[in-house]
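Engineer: Mind having a look at this structure? Questions to follow.
Take a look at the structure:
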C-alpha cells in the first residue's frame, strides 16, 4: 500500500455535483429525507404515504381488500 496522505474530513460533508451529463441526477450519494415537511392529514384514521413500488402497492391492495370485505376500520387517506 502506498504511503498514506494526511486527510481530514470536513465537519459537515456537502456533495458538489459534478457535470455528469443528462443522467447525472439519477444517482446521488444522499439517502433519506433531504428536508423536513409537515405531511397532510386526512379525515380517516389511517394515513397512507407510499410510493408506486411493489411494497407500496401491496399495502394499498390489502386495504382495498379489507374494505371490500366490509372492515370499516381499514378506511384510509392516500
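In this note's numbering, the protein residues as written are 597 to 674.
By construction, the Cβ of each residue, glycine as well, lies at the ideal position given by its N, Cα and C atoms.
All figures in this text were calculated on a predicted structure; none of them were measured in a lab.
1) Are residue 635 and residue 645 close, meaning C-beta to C-beta below 9 Å?
2) Below 8 Å CB to CB, which residues in the same chain sit around residue 627 once its five sequence neighbours on both sides are set aside?
3) Once the 5 residues before and after residue 655 are set aside, which same chain residues still bring their CB inside 8 Å of it?
4) Tell me, which residues are paired with residue 672 by DSSP?
5) What's the C-alpha gap between residue 649 and residue 611?
Structural biologist: Concretely, from the data shown:
1) Your numbering for residue 635 matches position 39 in the chain shown. Your numbering for residue 645 matches position 49 in the chain shown. For residue 635 and residue 645, yes; Cβs fall inside 9 Å.
2) By one-based count along the chain shown, residue 627 stands at place 31. Contacts found: none.
3) Position 59 of the chain shown, counted from the start, is the residue given in the question as residue 655. Cβ within range, chain order: 644 and 646.
4) Position 76 of the chain shown holds residue 672. DSSP output for residue 672 lists 642 as bridge partner(s).
5) The sequence position of residue 649 within the chain shown is 53, counting from 1. The sequence position of residue 611 within the chain shown is 15, counting from 1. Cα to Cα, the separation comes out at about 27 Å.
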